[in-house]
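Heads up: the structure comes next, in structure tokens.
Number of protein chains: 2
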Amino acid sequence: MSYPLSSGHVPLRFAAPSMSVSLDRIADFLGTVPLFRELDRVALRSFADITREHKYGKGTVIVSEGDPGDALYVVRTGEVKVVLVAEDGREVILGVLGVGDHFGELSLIDGRPRSAHVIATSTSSLLVLRRADFRRQVEQQPQVGWALLMELSRRLRQADGTIGSLVLLDVPGRVARVLLENATPGQPATLIKPMTHQVMSQMIGASRETVSRAMSEFQEKGWIAVARRQVTIVDRVALEARARPAL
Amino acid sequence: MSYPLSSGHVPLRFAAPSMSVSLDRIADFLGTVPLFRELDRVALRSFADITREHKYGKGTVIVSEGDPGDALYVVRTGEVKVVLVAEDGREVILGVLGVGDHFGELSLIDGRPRSAHVIATSTSSLLVLRRADFRRQVEQQPQVGWALLMELSRRLRQADGTIGSLVLLDVPGRVARVLLENATPGQPATLIKPMTHQVMSQMIGASRETVSRAMSEFQEKGWIAVARRQVTIVDRVALEARARPAL
DNA sequence: TTGTCGCCGTGACTCGGGTCACAGTGACCC
DNA sequence: GGGTCACTGTGACCCGAGTCACGGCGACAA
Chain L
528 MSYPLSSGHV
538 PLRFAAPSMS
548 VSLDRIADFL
558 GTVPLFRELD
568 RVALRSFADI
578 TREHKYGKGT
588 VIVSEGDPGD
598 ALYVVRTGEV
608 KVVLVAEDGR
618 EVILGVLGVG
628 DHFGELSLID
638 GRPRSAHVIA
648 TSTSSLLVLR
658 RADFRRQVEQ
668 QPQVGWALLM
678 ELSRRLRQAD
688 GTIGSLVLLD
698 VPGRVARVLL
708 ENATPGQPAT
718 LIKPMTHQVM
728 SQMIGASRET
738 VSRAMSEFQE
748 KGWIAVARRQ
758 VTIVDRVALE
768 ARARPAL
Chain E
528 MSYPLSSGHV
538 PLRFAAPSMS
548 VSLDRIADFL
558 GTVPLFRELD
568 RVALRSFADI
578 TREHKYGKGT
588 VIVSEGDPGD
598 ALYVVRTGEV
608 KVVLVAEDGR
618 EVILGVLGVG
628 DHFGELSLID
638 GRPRSAHVIA
648 TSTSSLLVLR
658 RADFRRQVEQ
668 QPQVGWALLM
678 ELSRRLRQAD
688 GTIGSLVLLD
698 VPGRVARVLL
708 ENATPGQPAT
718 LIKPMTHQVM
728 SQMIGASRET
738 VSRAMSEFQE
748 KGWIAVARRQ
758 VTIVDRVALE
768 ARARPAL
């Protein structure tokens, strides 16, 4: 995840050096975000110009379902979760977003209220782009519109897959599915992003206990291994079969 | 849902009259589709130019999950369903599309395989726009890109809502939800698009029998009325309460 | 009329998985 | 060290809802 520090020449600069240096670093960062990947340095700078940075402590509610929404957020550091919250406190996790991910584009596009809560799961720093500024920039940079379409497509595919798994799979099947989705293949083993059973259960609409039992079962069968809370996939094929409807 | 028949002047026309007349009618039709609503007649004609019309008999598979996809489809007449199909034959209905709805944009945007099956539920006529042609046109007409973003946003909101209801609501709650979603307010009563219990059950991930029982319960409580297979909402407030998590 | 067909309603049985209640296990901090 | 806290593992119990099995009913064709 390395990228060239803006060595060489820098675009015209008028303001105080310290400010511009930080804007350069923001522009560098934006260049690593898929949404802005296609842009050249000048365009990245103009997007950096319209950002404000905000910090949120762990557990802070960043946006609430039903709020009028007029900003796009990019995670610069930390982690946030997108959740639906029922009145009795139960939570459904629609997604966990890390560095380089973004949220808030729906309200930005259609102007309707926020469709979910977003809550910081660790101390996080977010770049905020307000609607009017963002739209003006996007009109100059149609590639960003295209990148947005790609991103929404990806999410829609994922959401449809989740719906399918909720209806067609039993809980162990859904557990297998999240494991596979959060696996990063590598040597010597393919690891899984660490997360608590509680979080997994809220991602797949199950109880913590049932997830726990499924994980035990997978260990006994030798499909996964757990060492010091780090899960690794041992038998990917078996997991994939378990995650397929109607074995 | 009426719109002016192209009275008055018509844009330049070279081809055989019969062909152009039909293209004019297609352009008229496209003008009623939200995706193309912002376009002027000339632009509508240029989109009409790149369409091919296809007919599909009831039950025909129009696209299959996993296929490489490179076309956008607009429903001109009839009705189709978007479904996930498990190996054992169980089906999840992700959506039912009628006249003016469209599908296939995901593969068009990201070039990945189709994410679901689309099957004609009645004899249907579809307009097909192939990827290369469509992209070329969209580059001329950025409003269409924006309309696509609006449409994907709408669907994503809906998909997230479905996920929430699958996890947070019991079956009667989900039944109440589909009823409300398919209600068209009007005088003297707010009607619900007719659909079989079978179809409803596949939309909400439940069995036909459980849906049947929920409908009976709602009738007994006086929340809905059924006459000759036409369902009408009597007590909308009660239904809305039932469709909210954690009553 | 009588068959056939697709859809609806209901009872009986079963079971996946939610809930409750605890016990165990690290990790971290006084 | 010991206390606190967040997480995990497991047994017991129970309920929502899936499945199976019918019977009824309206529509439509022969």
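Chains as they are written, first to last, in this note's numbering: chain L, 528 to 774; chain E, 528 to 774. The beta-carbon is built from N, C-alpha and C at its ideal position, and this holds for glycine as well.
For residue 634 of chain E, the enclosing alpha helix (DSSP H) covers residues 632-637. For the segment 691-772 of chain E, the continuous alpha helix (DSSP H) assignments of 4+ residues that do not extend past its boundaries occur at 698-708, 724-731, 735-747, 763-769, in sequence order. Flagged as an interface residue toward chain L: residue 677 of chain E, by a C-beta distance shorter than 8 Å. Following the DSSP letters along the chain, one finds residue 566 of chain E in no beta strand (DSSP E), marked with neither H nor E. Residue 756 of chain E counts as exposed, since fewer than 16 other beta carbons sit within 10 angstroms of its beta carbon.
Per DSSP, the beta-bridge partners of residue 652 of chain L are L:582, L:604. By the Cβ test, the segment 729-741 of chain L is not in contact with the segment 668-679 of chain L, since fewer than three Cβ pairs between them sit closer than 8 Å. For residue 659 of chain E, the enclosing alpha helix (DSSP H) starts and ends at 658-667. Interface with chain L (8 Å Cβ-Cβ cutoff): residue 580 of chain E is excluded.
Between the segment 711-718 of chain L and the segment 597-609 of chain L, the count of Cβ pairs shorter than 8 Å is below three; the stretches do not touch. Contacts between residue 669 of chain L and chain E, judged by CB atoms closer than 8 Å, involve 669, 672 in chain order.
Contact fails between the segment 569-585 of chain E and the segment 626-633 of chain E, because fewer than three Cβ pairs, one in each stretch, are under 8 Å apart. For residue 611 of chain E, the closest of E:721, E:658, E:730, E:675 by C-alpha to C-alpha distance is E:730. Taking CB atoms only, residue 734 of chain L has no neighbour in chain E less than 8 Å away.
Residue 612 of chain E is bridged by DSSP to E:618. The beta carbons of residue 720 of chain L and residue 650 of chain L sit no closer together than 8 Å. Rounded to the nearest angstrom, the Cβ distance from residue 564 of chain L to residue 558 of chain L is 7 Å, consistent with a contact under 8 Å. Between residue 703 of chain L and residue 656 of chain L, the CB-CB gap reaches or exceeds 8 Å. By the criterion of a C-beta distance shorter than 7 Å, residue 741 of chain E is surrounded in its chain by 698, 699, 702, once the five residues flanking it on both sides are discounted. Counting other Cβ atoms within 10 Å of its Cβ, residue 743 of chain E stays below 16 and is therefore classed as exposed. Judged by DSSP in its simplified three-state form, residue 589 of chain E adopts strand. Per DSSP, residue 647 of chain E is one residue of the beta strand (DSSP E) stretching across 644-647.
DSSP, read as helix, strand or coil, puts residue 626 of chain E in coil. Residue 658 of chain L has its alpha-carbon roughly 27 Å from the corresponding atom of residue 567 of chain E.
No Cβ-Cβ contact shorter than 8 Å links residue 695 of chain L with residue 770 of chain L.
Proximity of residue 595 of chain E to chain L, defined by a Cβ-Cβ separation below 8 Å, is not satisfied.
With contact defined as three or more Cβ pairs closer than 8 Å, the segment 681-691 of chain E and the segment 636-645 of chain L are in contact.
Of all alpha-carbon atoms in L:588, L:717, L:718, L:739, the one lying nearest the alpha-carbon of residue 724 of chain L is that of L:739. In this structure, the beta-carbon distance from residue 607 of chain L to residue 647 of chain L falls below 8 Å. Across the segment 600-633 of chain L, CB contacts with chain E closer than 7 Å involve 611, 613, 614, 615, 617, 619, 621, 633, in sequence order along the chain.
8 Å or more divides the Cβ of residue 768 of chain E from the Cβ of residue 759 of chain E. When Cβ-Cβ separations below 8 Å define contact, residue 636 of chain E makes contact with chain L.
Going by beta carbons, residue 675 of chain E and residue 676 of chain L fall inside the 8 Å limit. A Cβ of chain E is located within less than 8 Å of the beta carbon of residue 682 of chain L.
Taking a contact as a CB-CB distance under 8 Å, the pair residue 613 of chain L and residue 772 of chain E counts as one, their CB atoms being some 4 Å apart.
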